[in-house]
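Numbering (our numbering), first residue to last: 11 to 340.
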């Protein structure tokens, strides 16, 4: 979380606040007005207290109700279907802007594992509602004490490493259908997808530095390779939010479609892809991707190690507490 990234809790709430700044009426709060707390333990406990108070007042999600499909019943935060050679993994927390909580991370890992073994030709990741994904869910840190934060962060980073490796290891074509704004891990993981189709109202934002954090999802390696070091730094270090057209120009997005025809055009395209010989496109992907697997594993491990340090740093904690304090007063 860079925003997401991920599962990591300090960021979660701060991201939610950042979302309000970016998309809502409270954008008059400058990022420079951060108050430094001299006592790290006090800052941590303040953060925990704020998360708990915000979590208790949060709305319950109204999710898409899965039909009778057997696979759908396995998940609470996803809708997973397989039809016409396409497995769809749909992030299904629309009232939370598809923010990812710990359970959803685990479910995505399981869904990718199942999709890798089913009879589908390709797999699609998309979101239900107006957002593709808004990053991490702040409620993951509710109810814990300051003394438990280090262990929680370590556990979350271990899960993040497994989550990202699930994308690195996925053997079939994996396509992101970005139906709306994407933040944090939802953006960084796109570098591991094989194609990215976006609505023209989608945006792509990785405000890591605003929160004292660092890149994740192998983006420290994939983004410079995709768009060049200067453009990658502008996005990952300086937090530039991209429109869909800008993301396409930089090579992060494959193609942009008008929002009013997005679903129709994209799914027609994917239906045509699903009719290709399954073994042929699977083998072709592996030829293209396998040479870099070991490099990506190493990058993922290093990013998670650095991110663990950043999440426990005074910079990150003070930024998160400050953002949450302002949000609590809204």
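Ideal Cβ placement from N, Cα and C applies to all residues, glycine included. A quick note: this is a predicted structure, and the numbers were derived from the prediction, not measured.
Item                                                                                                                                                              : Value
Within the stretch 208 to 255, note down every full beta strand (DSSP E) run reaching 3 residues or more, in order along the chain.                               : 213 to 215
Starting from residue 188, follow its DSSP beta bridges and name the residues at the other end.                                                                   : 208
Specify the secondary structure class of residue 122 as computed by DSSP and reduced to three states.                                                             : helix
Tell me, to the nearest whole angstrom, how far the beta carbon of residue 209 is from that of residue 190; I am working on the premise that it is less than 8 Å. : 7 Å
Cβ of residue 88 within 8 Å of Cβ of residue 96?                                                                                                                  : no
Cutting at 7 Å between CB atoms, please list the residues of its own chain near residue 241, excluding the five before and the five after it.                     : 260
Name the residue from 158, 182 and 134 whose alpha carbon lies nearest to the alpha carbon of residue 126.                                                        : 182
Could you check whether residue 202 and residue 329 sit closer than 8 Å to each other, using their CB atoms as the reference points?                              : no
Rounding to the nearest angstrom, what Cα-Cα distance links residue 287 and residue 144 in this structure?                                                        : 35 Å
State the start and end residues of the unbroken alpha helix (DSSP H) segment that holds residue 133.                                                             : It is not in any alpha helix (DSSP H) - residue 133 instead sits in the beta strand (DSSP E) that spans 132 to 137.
Taking only the alpha-carbon atoms, compute the straight-line gap between residue 45 and residue 150 and give it to the nearest angstrom.                         : Note that residue 45 scores 41 on pLDDT, short of 50, meaning its location in the model is unreliable and no value can be drawn from it.
From residue 178 to residue 228, what distance separates their C-alpha atoms?                                                                                     : 9 Å
For residue 244 and residue 155, what's the separation of their Cα atoms in angstroms?                                                                            : 36 Å
If you reduce the DSSP assignment to three classes, tell me which class residue 284 lands in.                                                                     : coil
What did DSSP end up calling residue 99 once you bin it into helix, strand or coil?                                                                               : strand
Would you call residue 161 buried or exposed, if buried means 16 or more other Cβ atoms sit within 10 Å of its Cβ?                                                : exposed
For the beta strand (DSSP E) containing residue 266, list its first residue and its last residue.                                                                 : 265 to 267
Hey, how far is the Cα of residue 114 from the Cα of residue 123?                                                                                                 : 14 Å
Who are the near neighbours of residue 237 in its chain, counting only those whose CB is closer than 7 Å to its CB and skipping five residues on each side?       : 260, 261 and 262
Between the C-alpha atoms of residue 293 and residue 185, what's the straight-line distance to the nearest angstrom?                                              : 16 Å
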